[in-house]
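*Asks:* Structure incoming, see below.
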Amino acid sequence: MYKALIFDLDGTLLDTITDITEAINEALKECGYQYSYDRESTKTLIGDGSDTLVRRALREKSGDVDAFSKLNRVYMPLYLEYQNRHTKPFPGIVEALEELKKAGVDCFIVSNKPDHLVQDLIPRYFKDGLFKECHGIKNGESVKPDPHQVNRIIEKYGLDRHKVLYVGDSRPDVEVSINAQVDCALCKWGYGDYLDPICLKAKFALEEPRELLSIAL
Numbered sequence: 005m006y007k008a009l010i011f012d013l014d015g016t017l018l019d020t021i022t023d024i025t026e027a028i029n030e031a032l033k034e035c036g037y038q039y040s041y042d043r044e045s046t047k048t049l050i051g052d053g054s055d056t057l058v059r060r061a062l063r064e065k066s067g068d069v070d071a072f073s074k075l076n077r078v079y080m081p082l083y084l085e086y087q088n089r090h091t092k093p094f095p096g097i098v099e100a101l102e103e104l105k106k107a108g109v110d111c112f113i114v115s116n117k118p119d120h121l122v123q124d125l126i127p128r129y130f131k132d133g134l135f136k137e138c139h140g141i142k143n144g145e146s147v148k149p150d151p152h153q154v155n156r157i158i159e160k161y162g163l164d165r166h167k168v169l170y171v172g173d174s175r176p177d178v179e180v181s182i183n184a185q186v187d188c189a190l191c192k193w194g195y196g197d198y199l200d201p202i203c204l205k206a207k208f209a210l211e212e213p214r215e216l217l218s219i220a221l
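Each residue of the sequence shown is one higher than the last, beginning at 5 in the numbering used here.
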């Protein structure tokens, strides 16, 4: 039995890919680029934080500091504006979270999304009290797979690492679980490459959110 579940956000709890796609495409257009991304190709950009997303979106200009600064400056306000147009919880995830709470399992969020965006999103889609703490990335912080935020939660609440499960959908989530020495459940409804050798190291592979209940309880 797991006493605490720590969740990723994009691709795990919330389906955000359409809003990310529209925001990065509008930013590219405003900055004069002639190409764009569809929903599937956007999945290759995400998972390692917003700065990495912007660099990947620049393709051959990914190392150009000025190009990055300009696109990032345009993209971030657009995503804040766009992030509630199509975003929604994955089917069954809210019900699973509510059952976990009833059973006394503590739930947290550790995301690579900028923290101010995380704090804007969570109350829009989840009832107050479902999560004990929700964290994104603040300026100067390292993104996952750096385990500092997972470790901080474990230490703050005196959790036994053997009873903590990290739940995510992609390579950085499996890697952060390894680095934090906790088990990982990989959500196959998300955006990751599930045949990635690192992803195959997850202890559990989930087809639907209700499976979390049998694993945790």
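All residues carry an ideal CB built from backbone N, CA and C; glycine is no exception.
Quick check on the burial criterion: 16 or more other C-beta atoms within 10 angstroms. Buried or exposed for His139?
*Replies:* buried
*Asks:* Along the alpha helix (DSSP H) that carries Tyr83, what are the first and last residues, could you check?
*Replies:* Val69 to Tyr86
*Asks:* Mark Ala31 as exposed unless 16 or more other C-beta atoms lie within 10 angstroms of its C-beta, in which case mark it buried.
*Replies:* buried
*Asks:* What does the Cβ neighbour count give for Arg156, buried or exposed, with the cut at 16 atoms within 10 Å?
*Replies:* By the neighbour-count rule (16 or more Cβ atoms within 10 Å), Arg156 is not buried but exposed.
*Asks:* Can you look up Ile152 in the DSSP assignment and give me helix, strand or coil?
*Replies:* Going by the sequence as given, residue 152 is His instead of Ile. Three-state DSSP puts His152 in a helix.
*Asks:* Buried or exposed: where does Lys4 fall if 16 or more other Cβ atoms within 10 Å of its Cβ makes it buried?
*Replies:* The chain is shown only over 5 to 221; residue 4 falls outside these bounds and no answer can be derived.
*Asks:* For His139, which three-state DSSP category applies?
*Replies:* strand
*Asks:* CB Phe11 to CB Ile113, shorter than 8 Å?
*Replies:* yes
*Asks:* Drop a sphere of 10 angstroms on the beta-carbon of Glu254, count the other beta-carbons inside from all chains shown, and report buried for 16 or more, exposed for fewer.
*Replies:* An answer regarding residue 254 cannot be provided, because it is not within the stretch 5 to 221 covered by the chain.
*Asks:* With respect to the beta strand (DSSP E) encompassing Ser115, which residues constitute its N-terminal and C-terminal limits?
*Replies:* Asp110 to Pro118
*Asks:* Here's the rule: buried if 16 or more other CB atoms are within 10 angstroms of the residue's CB, otherwise exposed. What is Asn116?
*Replies:* buried
*Asks:* Answer with buried or exposed for Ala100, where buried requires no fewer than 16 other C-beta atoms within 10 angstroms of its C-beta.
*Replies:* buried
*Asks:* How should Asn29 be labelled, buried or exposed, when 16 other C-beta atoms within 10 angstroms of its C-beta is the threshold for buried?
*Replies:* buried
*Asks:* Which residue comes first and which comes last in the alpha helix (DSSP H) that contains Leu57?
*Replies:* Ser54 to Ala61
*Asks:* Give me the residue from Asp119, Gln153, Glu102 and Val178 with the minimum Cα distance to Leu217.
*Replies:* Glu102
*Asks:* My guess is that Leu221 and Phe208 are in contact by the Cβ rule of under 8 Å, so how many angstroms apart are they, rounded?
*Replies:* Not really, about 13 Å apart at Cβ, beyond 8 Å.
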